Amino acid sequence: MKKIIVVLMVIIIAVASYFTFIRPTTFTFGEILSDTMEDINNLEGGEVIRYIDIRRIHTPNNGNSQEYEYIQIDDEEKIDKLIKDVTDMKLNRKDENPDVGYFISIKTNHSNYDLILGLEDILWIDGTSYEIIGENKLLEIVSSLNYE
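Residues 77 to 224, numbered by this note's numbering, are exactly what the sequence shown covers, in order.
Right under this line is the structure:
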């Protein structure tokens, strides 16, 4: 009987260790965005992105204030392309808040989702920070847009 208890304890410790230390920590942007929108989807029905607002933040050389440039993307094809292009971007959780480079607001038919993209490959989504692993496709896209 004692052997069974010892074996069960070892199995429980092994399973708990897996979920605590070994479980996958890499996510995709698409997974995180889907998870973020999932609760609203369950309550209200499917989310449809109406537009994406992007503000590029600048701090002048004097460092006293911030200025920004702005663009709104409301064309359905452009929105779909932007989301599709960054959906496979790899992210790891990181306990670091980004210095704001871009403030991105995704407006849907039910809610508003805010993201902060830092210039040092840190992305903040819905209260959680992530380090961008590999190519920062989102930064490439938003830095190439024509702002007002």
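No residue lacks a Cβ here, since even glycine has one placed at the ideal position from N, Cα and C. Predicted model, so just to flag it, every value in this text is computed and none were measured.
Opening and closing residue of the alpha helix (DSSP H) in which residue i lies
i: Lys154; result: Glu152 to Val162
i: Glu172; result: No alpha helix (DSSP H) contains Glu172, which DSSP labels as neither H nor E.
i: Glu216; result: Lys213 to Ser219
Pair within 8 Å by beta-carbon distance, residue i and residue j
i: Phe179; j: Ile133; result: yes
i: Val227; j: Ile192; result: Nothing in the structure corresponds to residue 227, since the chain is present only between 77 and 224.
i: Ile66; j: Glu224; result: Limits of the chain in this structure are 77 at one end and 224 at the other, which puts residue 66 out of reach.
i: Val124; j: Thr163; result: no
One or two residues paired with residue i in a DSSP bridge
i: Ile128; result: Ile149 and Ile182
i: Ile209; result: Lys166
i: Glu143; result: His134
i: Ile198; result: Glu207
Residues of its chain near residue i, where Cβ-Cβ distance is below 8 Å and the 5 sequence neighbours each way are ignored
i: Thr112; result: Tyr189, Ile201 and Asp202
i: Glu172; result: Ile198, Ser205 and Glu207
i: Gly210; result: Met165 and Lys166
i: Arg126; result: Asp150, Lys183, Thr184 and Asn185
i: Leu158; result: Ile128, Ile149 and Ile217
Cβ of residue i within 8 Å of any chain D Cβ
i: Leu215; result: Structure shown: chain D not included; a single protein chain is present.
First and last residue of the uninterrupted beta strand (DSSP E) at residue i
i: Asn222; result: Segment: none, Asn222 is in no beta strand (DSSP E) and carries neither H nor E.
i: Asp190; result: Asn188 to Gly194
i: Thr102; result: Thr102 to Thr104
Cβ shell of residue i (< 6 Å), same chain only, five flanking positions each side left out
i: Thr102; result: Lys166 and Asn168
i: Pro174; result: Ile192, Gly194, Ile198 and Trp200
i: Glu145; result: Arg132 and Tyr223
i: Ile108; result: Ile201
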